[in-house]
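*Asks:* Here it is, the structure, as structure tokens.
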Amino acid sequence: MQTIREFTRKTKRGNILKIVREHYLRIDLGCGSDICHRCQQDEDGVQLMSDRMNRSTLFDFPHYVVLDTNVVLHQIDVLEEDALRNVIVLSTVLQEVKHCSSVIYKRFHEVVQHKPRGFFVFVNEHHKDTYVERQPGESANDRNDRAIRFATSWYDGHILDVQQSAVKKSKGKQLTRVVLITDDIDNKEKAEKEGILAATAEEYIKSLVDYPMLIDKYARKDIEKDRETDPLFPMHLSMNEIIEGVRNQRLLQGAFQASRENYLEGSVNVEGYENPILIQGRDSLNRAVDGDLVAIELLPESKWSAPSEIVLEEADTIDVGEGETDEEPAEDVLADAALKASASGEKRPTAKVVGIIRRKRRQYCGILQPAQLPGGTKHIFIPADRKIPRVRIETRQADKLQNQRIIVAIDTWPRSSRYPHGHFVRALGALGDVETENEVILLEHDVPHSKFSEEVLSFLPQMPWTITPEDYAARVDLRDLDICSVDPPGCTDIDDALHCRDLPNGNLEVGVHIADVSHFIRPGNALDKEAASRGTTVYLVGKRIDMVPDLLSSNLCSLRGGVERFAFSCIWEMDHEANVISKKFHKSVIKSKSAMTYEMAQIIIDDKTQNHNIAKSLRNLNKLAKILKKRRMDNGALVLASPEIRFQVDSETHEPLEVEAKQLRDTNSMVEEFMLLANVTVAEHIAQEFPECAMLRRHPRPPLSNFEPLIKAARHQNFEICCDSGLEFSKSLDTCVKPDNPYFNTMIRILATRCMMQALYFISGTLQKDQFEHYGLAAPIYTHFTSPIRRYSDIIVHRLLAASIGADSTYAALLDKNANAELCHNLNYRHKMAQYAGRASVALNTHLFFKGKVQDEEGYILFVRKNALQILIPKFGLEGTIYLNALKDDQKKSNNGVVFTFNEEDYTQRCGDIIFHAFDPVTVRLSLDSSNIQHEKLVFQLVKPYIKGFSIEIDDNAAGGGGAAASAAAIKSNDVEMTPIAPPQKKIKKSKQNKNNK
Numbered sequence: 001m002q003t004i005r006e007f008t009r010k011t012k013r014g015n016i017l018k019i020v021r022e023h024y025l026r027i028d029l030g031c032g033s034d035i036c037h038r039c040q041q042d043e044d045g046v047q048l049m050s051d052r053m054n055r056s057t058l059f060d061f062p063h064y065v066v067l068d069t070n071v072v073l074h075q076i077d078v079l080e081e082d083a084l085r086n087v088i089v090l091s092t093v094l095q096e097v098k099h100c101s102s103v104i105y106k107r108f109h110e111v112v113q114h115k116p117r118g119f120f121v122f123v124n125e126h127h128k129d130t131y132v133e134r135q136p137g138e139s140a141n142d143r144n145d146r147a148i149r150f151a152t153s154w155y156d157g158h159i160l161d162v163q164q165s166a167v168k169k170s171k172g173k174q175l176t177r178v179v180l181i182t183d184d185i186d187n188k189e190k191a192e193k194e195g196i197l198a199a200t201a202e203e204y205i206k207s208l209v210d211y212p213m214l215i216d217k218y219a220r221k222d223i224e225k226d227r228e229t230d231p232l233f234p235m236h237l238s239m240n241e242i243i244e245g246v247r248n249q250r251l252l253q254g255a256f257q258a259s260r261e262n263y264l265e266g267s268v269n270v271e272g273y274e275n276p277i278l279i280q281g282r283d284s285l286n287r288a289v290d291g292d293l294v295a296i297e298l299l300p301e302s303k304w305s306a307p308s309e310i311v312l313e314e315a316d317t318i319d320v321g322e323g324e325t326d327e328e329p330a331e332d333v334l335a336d337a338a339l340k341a342s343a344s345g346e347k348r349p350t351a352k353v354v355g356i357i358r359r360k361r362r363q364y365c366g367i368l369q370p371a372q373l374p375g376g377t378k379h380i381f382i383p384a385d386r387k388i389p390r391v392r393i394e395t396r397q398a399d400k401l402q403n404q405r406i407i408v409a410i411d412t413w414p415r416s417s418r419y420p421h422g423h424f425v426r427a428l429g430a431l432g433d434v435e436t437e438n439e440v441i442l443l444e445h446d447v448p449h450s451k452f453s454e455e456v457l458s459f460l461p462q463m464p465w466t467i468t469p470e471d472y473a474a475r476v477d478l479r480d481l482d483i484c485s486v487d488p489p490g491c492t493d494i495d496d497a498l499h500c501r502d503l504p505n506g507n508l509e510v511g512v513h514i515a516d517v518s519h520f521i522r523p524g525n526a527l528d529k530e531a532a533s534r535g536t537t538v539y540l541v542g543k544r545i546d547m548v549p550d551l552l553s554s555n556l557c558s559l560r561g562g563v564e565r566f567a568f569s570c571i572w573e574m575d576h577e578a579n580v581i582s583k584k585f586h587k588s589v590i591k592s593k594s595a596m597t598y599e600m601a602q603i604i605i606d607d608k609t610q611n612h613n614i615a616k617s618l619r620n621l622n623k624l625a626k627i628l629k630k631r632r633m634d635n636g637a638l639v640l641a642s643p644e645i646r647f648q649v650d651s652e653t654h655e656p657l658e659v660e661a662k663q664l665r666d667t668n669s670m671v672e673e674f675m676l677l678a679n680v681t682v683a684e685h686i687a688q689e690f691p692e693c694a695m696l697r698r699h700p701r702p703p704l705s706n707f708e709p710l711i712k713a714a715r716h717q718n719f720e721i722c723c724d725s726g727l728e729f730s731k732s733l734d735t736c737v738k739p740d741n742p743y744f745n746t747m748i749r750i751l752a753t754r755c756m757m758q759a760l761y762f763i764s765g766t767l768q769k770d771q772f773e774h775y776g777l778a779a780p781i782y783t784h785f786t787s788p789i790r791r792y793s794d795i796i797v798h799r800l801l802a803a804s805i806g807a808d809s810t811y812a813a814l815l816d817k818n819a820n821a822e823l824c825h826n827l828n829y830r831h832k833m834a835q836y837a838g839r840a841s842v843a844l845n846t847h848l849f850f851k852g853k854v855q856d857e858e859g860y861i862l863f864v865r866k867n868a869l870q871i872l873i874p875k876f877g878l879e880g881t882i883y884l885n886a887l888k889d890d891q892k893k894s895n896n897g898v899v900f901t902f903n904e905e906d907y908t909q910r911c912g913d914i915i916f917h918a919f920d921p922v923t924v925r926l927s928l929d930s931s932n933i934q935h936e937k938l939v940f941q942l943v944k945p946y947i948k949g950f951s952i953e954i955d956d957n958a959a960g961g962g963g964a965a966a967s968a969a970a971i972k973s974n975d976v977e978m979t980p981i982a983p984p985q986k987k988i989k990k991s992k993q994n995k996n997n998k
């Protein structure tokens, strides 16, 4: 059957356009029930089975369930549980869910695909008996609600009719009915008037006999109706008011980022403003949660503030139980006052949140703080991430969930509540268990880590895989070249290799050969979409979360020694002064002669008795690399520092055994220089060939205000830092040397790293050329080409490069500037989260290593804060905080009456005759504080200089110490091109960790 819809639409130019749409209705669509023998069931077969009915006290007879759209959108955590069976999913609902939330749609789609659950998709929009036309004046939402009721009514009548026609066969047997589950009160009332069996989701979930705890997962949206009395927060503007305010520029919008150091402070990045706009205080934050898209209103300039100089954390425990009042606790008032009093330095545009445009819907890991009253069901959830506020939940499983890591989702945040309201999702495992804690790290940093789906795996090559004659014909054969790879020990995802050979004209041919991952991952398929979503490989201590399946990352795309592999080669002709004479790119077949570690390659270079081709190649590469590096330094490239320490992990228990410093050799720099050269060379080429849609990477020049703490700290040590240009800055850092402190220059460079901006992916057509610069590398243009196994950006760059040389064809999405700009946003986010996850993993292993240990170590003051000293321990690469004053800023007293005075001019703290400056040496005691099981922390206590009543008495048993820990996590690394400097170390065991970013 065919129906025709005609309607008119006004175009942007004012023209009237008549639109005619044909809609086809079918008579052969089955109902999916095993009761029915009338319908022609489709190829998926029967899904609604009589032997798996839900048992409900509300409907104590066999029944199928129809869900409306809001139930799917809001109760997805309930639906993912293996509880509800025999569910009819209408195509109207599926389309509405897809339109409202792609994330929920994907999760629901996976539920529907799980056939044993009995979720049957009924295409009501194309069934001749269930399709309804939209009536004049009827909204799309009202029409869809009516379509859902109409389909439910038809289904119920259809199933009853089938059963009643066979009543003699089923004498005494209860008839199966169809029930509509809806949280729309108006829709429920209309359904009941129309004779449809209906219930709210809460009513139905509570009624399920076999799943009494399922109600814990119910997301309560009715709490949005705030109590009229005693609101704690300002009212949010309506969406219409926000839209109008943004349009007339009275309001601004952007993503809210909560501070990691101060729970009452955050910022919003707004287009057109150089620095993020500051948000300070509980009222101004106005229920914004990290990651929300918010509307903000700028405060008058007289009320602008500066970021606070204190480290402020929410109290570890609070009294919350049944009948709790929401009065603002005394510590909040105190914290708010301290935050404002500590704001010093250059004032920034400051604003307040006036509305939430879109919540960042995600789940949070943490633990439960039980109710104070025995048997209570209302509890406070404490997130693992201090940036996230505590959450109120109701659960009847509190006793069972004690000492468990759990996951909670936020539902709403009423004005009358100090904390948002949410619901329990699931338990992860026991607190302190390594696997559980690693799972928490991945979830908290939004790292996709589920197993690759069957659909994704279906696009992998069939094994055994071989190179065909057609492949050889289409590529340049480089198997005879003496190509080798140089990587960290234990590296299995080898994505780059090198060669260097003499040319007849006296010059050198140098080649960088990169794994041709784009050959195996074709645009638009499930494997490509999954890699684009993951964005990057994530490295935890002893664990790697691959961007692509292992068959590619550790096998077919890994440039192992002695096996033939596809590569994308960048070849230069260079003279002996590292000047590039010419360059070329081609897809190739290579056969690496050797897969070496940095140490192995260094031994070959240093051993003058070895004169085979690989040795000659390495020596020439090393010589050219030194010239290239000097040239970069002379151009103003920065050598920044981060103490890189790695753990050696027990293969069975996954507990840290040894701490290993990353030893840097000439071969590290050798590989790095040629990777940088390849990235710059490819960037120049694709930007020329595709000026509007090349994927590049930039590192913005920091504003001068970023350098202020570094300049003041260096000045106190009688060194002047000049930041007028990258070259002047680089030269200034080189001069900061103290013969009596070999670690001083490293600390200066660590401080310099903190001044940097984050490096970002972008599309060339979205920015002016003067914004392409990579400040840290002093490169006018840059991209990522050399690691396609573990970075999706490199796959896109490979595709652009291949299209430019005719080795592959373009496709629409590759040249879509706007779509790829969105892709860059995801890649930047994934890259940042991967960094944070790696640091959190190191912090976790630090805590595991220090359990039961107390030891005194030499350190240096890295930062002087208004209420704290941040200390760096070179031996371990650890950074920690020594808190000085309580929050009562007017008294500035610690518990023992010791007074510290902060000097804002030179960033110093004074206590009597003792003055603390940045870079001053100190002795600290390290120990693990496990009193707060949610937030175990490594405690730093001052030993020397000795301050009576504040410092710790020297304990001979704690001095020195046989343990160690690592915390590259403590050092902010803005980009992989920032060269790390390892601290002075004694000879230690070799690392067996996987390869890190170059």
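In the UniProt record's numbering, the protein residues as written are 1 to 998. A virtual CB, placed ideally from N, CA and C, is assigned to each residue, including glycine. Computed from a prediction, not measured in an experiment: that's the story for all the values here.
What three-state label does DSSP hand Y907 in the structure shown?
*Replies:* In the displayed model, Y907 falls within coil according to three-state DSSP, outside both helix and strand.
*Asks:* Do you know whose CA, among R405, F381, E437, lies nearest T846's CA?
*Replies:* E437
*Asks:* If we ignore side chains and look at the alpha-carbon of each, how far apart do E133 and R149 end up?
*Replies:* 13 Å
*Asks:* Using the rule of at least 16 other Cβ atoms within 10 Å of the residue's Cβ for burial, across every protein chain shown, is A198 buried or exposed?
*Replies:* buried
*Asks:* Could you work out which residue in E879, K851, C693 is closest to F940 when comparing CA atoms only?
*Replies:* E879
*Asks:* Quick check: the Cα distance between E327 and P349, rounded to an integer number of angstroms?
*Replies:* Note that E327 scores 44 on pLDDT, short of 50, meaning its location in the model is unreliable and no value can be drawn from it.
*Asks:* DSSP three-state call for P469: helix, strand or coil?
*Replies:* helix
*Asks:* Could you check if M756 is buried or exposed, using at least 16 other CB atoms within 10 Å of its CB as the buried criterion?
*Replies:* buried
*Asks:* Would you decide whether M235 is buried or exposed? Buried here means 16 or more other CB atoms lie within 10 Å of its CB.
*Replies:* exposed
*Asks:* What are the boundary residues of the beta strand (DSSP E) that W154 is part of?
*Replies:* No beta strand (DSSP E) holds W154; the alpha helix (DSSP H) holding it covers 140-165.
*Asks:* With burial defined as no fewer than 16 other Cβ atoms inside 10 Å of the residue's Cβ, what is the status of T182: buried or exposed?
*Replies:* buried
*Asks:* Tell me the DSSP secondary structure of Y364 in three-state form.
*Replies:* strand
*Asks:* Can you name, in chain order, every residue of its own chain whose Cβ lies under 8 Å from the Cβ of R177, other than the five neighbours on each side?
*Replies:* In its chain, beyond the 5 residues on either side, F59, F61, P62, H63, Y64, D156, I159, L160, L197 have a beta carbon closer than 8 Å to the beta carbon of R177.
*Asks:* Output the boundary residues of the beta strand (DSSP E) element that contains N269.
*Replies:* 265-269
*Asks:* May I ask which residues mark the beginning and end of the alpha helix (DSSP H) holding I711?
*Replies:* 708-716
*Asks:* Let me check one thing: in DSSP terms, what residues is G429 bridge-paired to?
*Replies:* Residue pairing by DSSP places G429 opposite R405 in a beta bridge.
*Asks:* Counting only the same chain and skipping the five closest in sequence on each side, list residues whose C-beta sits under 8 Å from that of residue 1008.
*Replies:* Since the displayed the chain opens at 1 and closes at 998, residue 1008 lies outside it and no answer follows.
*Asks:* Sort I27, D816, Q688 by Cα distance to K128 and report the nearest one.
*Replies:* I27
*Asks:* If you measure from the beta carbon of E672 to each beta carbon in chain C, is any gap under 8 Å?
*Replies:* Annotation note: the requested chain C is absent from the structure, which comprises a single protein chain.
*Asks:* List the endpoints of the continuous alpha helix (DSSP H) containing D290.
*Replies:* Where D290 is concerned, there is no enclosing alpha helix (DSSP H), given that its DSSP letter is neither H nor E.
*Asks:* Work out the CA separation of C736 and R910 for me, nearest whole Å.
*Replies:* 25 Å
*Asks:* DSSP on P212, reduced to helix/strand/coil?
*Replies:* helix
*Asks:* For the pair the segment 432-452 and the segment 566-586, tell me if three or more CB-CB distances fall below 8 Å.
*Replies:* Here the segment 432-452 does not lie against the segment 566-586, with fewer than 3 beta-carbon pairs under 8 Å apart.
*Asks:* Buried or exposed for S308, please, with buried defined as at least 16 other CB atoms from any protein chain shown within 10 angstroms of its CB.
*Replies:* buried
*Asks:* On a CA-only basis, which of E271, D51, R287, E346 is nearest K303? Give me that one, please.
*Replies:* E346
*Asks:* Starting from the C-beta of I914, find all residues in its chain whose C-beta is less than 8 Å away, skip the five residues before and the five after it, and write them out in chain order.
*Replies:* P945, I947
*Asks:* For L727, which residues in the same chain have their Cβ closer than 6 Å to its Cβ, ignoring the five residues on either side in sequence?
*Replies:* Closer than 6 Å at the Cβ level, and outside the excluded window around L727, lie G636.
*Asks:* Based on the DSSP secondary-structure assignment, which residues constitute the bridge partners of R358?
*Replies:* L293
*Asks:* Leaving out five residues before and five after C838 in sequence, what residues of the same chain have Cβ atoms less than 6 Å from its Cβ?
*Replies:* The sequence given here places Gly at residue 838; Cys does not occur at that position. So the qualifying residues of the chain are Y539.
*Asks:* Just to confirm, is the Cβ distance from N124 to A151 under 8 Å?
*Replies:* yes
*Asks:* Residues in its own chain within less than 6 Å of R220 by CB, not counting five upstream and five downstream?
*Replies:* For R220, the CB contacts under 6 Å within the same chain, skipping 5 residues up- and downstream, are D411 in chain order.
*Asks:* Quickly, what does DSSP pair R52 with across the bridge? List them, please.
*Replies:* Paired residues: none, contrary to the question.
*Asks:* Does the separation of the CB atoms of F863 and P709 fall below 8 Å?
*Replies:* yes
*Asks:* State yes or no: is the C-beta of I627 within less than 8 Å of the C-beta of A615?
*Replies:* no
*Asks:* Would you please state the rounded distance, in angstroms, between the beta carbons of L556 and W413? I believe it to be under 8 Å.
*Replies:* The pair is not a contact, with the Cβ atoms about 49 Å apart (cut-off 8 Å).
*Asks:* Which partner residues does A567 have in the DSSP bridge list?
*Replies:* Looking at the DSSP assignment, A567 forms a beta bridge with A515, S588.
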